[in-house]
Amino acid sequence: PLAALPPALAIPLMALAAALVGAVWIGAVGFLQAYRGVNATIASLLLSYIAIALSNHLIEGWLRDPASLNKPSTLPVGDAFMLAPMPGIGVHWGLGVGVLSCLVAYVLMDRTTLGFAARIAGGNVRAAQIQGLPVGRLIVGFTALGGAFAALAGFFEVVAVQGTANGTLAAGYGYTGILVAFLARQNPIAIMPVAFLLGGIEASSGLIQRRMQLPDATVLVLEGLLFLVVLASETLYGRLHLFSPHLWATKRAAAALPAGAPA
Numbered sequence: 007p008l009a010a011l012p013p014a015l016a017i018p019l020m021a022l023a024a025a026l027v028g029a030v031w032i033g034a035v036g037f038l039q040a041y042r043g044v045n046a047t048i049a050s051l052l053l054s055y056i057a058i059a060l061s062n063h064l065i066e067g068w069l070r071d072p073a074s075l076n077k078p079s080t081l082p083v084g085d086a087f088m089l090a091p092m093p094g095i096g097v098h099w100g101l102g103v104g105v106l107s108c109l110v111a112y113v114l115m116d117r118t119t120l121g122f123a124a125r126i127a128g129g130n131v132r133a134a135q136i137q138g139l140p141v142g143r144l145i146v147g148f149t150a151l152g153g154a155f156a157a158l159a160g161f162f163e164v165v166a167v168q169g170t171a172n173g174t175l176a177a178g179y180g181y182t183g184i185l186v187a188f189l190a191r192q193n194p195i196a197i198m199p200v201a202f203l204l205g206g207i208e209a210s211s212g213l214i215q216r217r218m219q220l221p222d223a224t225v226l227v228l229e230g231l232l233f234l235v236v237l238a239s240e241t242l243y244g245r246l247h248l249f250s251p252h253l254w255a256t257k258r259a260a261a262a263l264p265a266g267a268p269a
């Protein structure tokens, strides 16, 4: 039905449909967390396997292009419905929308009462309940919003890069997203440089394999080491004498004293 519509109308409808499906799918995770006490990370990862299996079933069955023999995929969306790269920089619009989404998320979470309520509910559910905040609705709403943006990432991958849906869309970006959120400390502004850093590491897998004769899985080892270093720095900071902030503050104060002055 969308093929009969002009691209200016069909493309936004495609994006809206993707966002709605993602919101409903991940909104279920928020429902399980809010009303059944299920861990959201575990629930989302388990539901991802169901989504991948369902997607592969549709791609290899009902939605399969008969011409795709060796690599099952859907029918091409058509050149008229493909998004051209962003003018001047040559990258697709998913990057621009991602940056804009981070800015909007920063304003929403740090400059609005709704974001303040969400941070309270996310940090201490009991305190939020005592304050009378609608904890369940906040959790479901914000997880659904996250699912909508994740689905938009898949939308841009289809209409701006692949031109069709196939099995390569399930690239395991959710695991990288967890690492990005952890390193960025859930700060929407910090997410941008961290995501670029990890994206560059993952994109270097082919170069590492060609130039250094190492397996492309080496990037996973690098990401794991990065995660361990950050986790260790958080764990050890303030516990060992070497990592004590008072030790370095005392050393800086002593270095600033004139020569011969009592420390």
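Residue numbers (the working numbering): 7 to 269.
Every residue, glycine too, gets a C-beta built ideally from N, C-alpha and C.
Assigned secondary structure, residue i (DSSP; H/G/I helix, E/B strand, else coil)
i, result
"R117", "helix"
"S79", "strand"
"R191", "coil"
Whole-angstrom distance between residue j and residue i, CA atom to CA atom
i, j, result
"T118", "Q192", "16 Å"
"A127", "I145", "8 Å"
"F87", "I195", "31 Å"
"V235", "G183", "18 Å"
"G178", "A123", "31 Å"
"A6", "Q135", "The question about residue 6 has no answer here: the residues shown for the chain are numbered 7 through 269."
"Q168", "L106", "23 Å"
"T149", "L15", "28 Å"
"I207", "L22", "31 Å"
"P93", "G102", "11 Å"
"L203", "L11", "39 Å"
Own chain, CB closer than 7 Å to residue i, minus 5 neighbours either side, in chain order
i, result
"V27", "A157"
"V97", "P91"
"S210", "V225"
"G33", "V146, T149, A150 and G153"
"L220", "I214"
Chain C within 9 Å of residue i, Cβ atoms only
i, result
"L52", "The displayed structure is made up of one protein chain only, and chain C is not part of it."
Residue interval of the alpha helix (DSSP H) (run including residue i)
i, result
"Q39", "P13 to R42"
"V200", "P194 to A209"
"H63", "A46 to I65"
"A238", "T224 to L242"
Residues near residue i in its chain [Cβ-Cβ closer than 6 Å; skip 5 each side]
i, result
"T6", "Since the first residue shown for the chain is 7 and the last is 269, residue 6 is missing from the structure and cannot be characterised."
Cβ shell of residue i (< 8 Å), same chain only, five flanking positions each side left out
i, result
"F233", "L185, F188 and L189"
heavy atom of the ligand ZN below 8 Å from residue i C-beta
i, result
"F122", "The ligand ZN is not among the ligands present in this structure, which contains no ligands whatsoever."
Which runs of the alpha helix (DSSP H) fall wholly inside the segment 116–180 and span at least 4 residues, in chain order?
-> 119–129, 131–136 and 141–163
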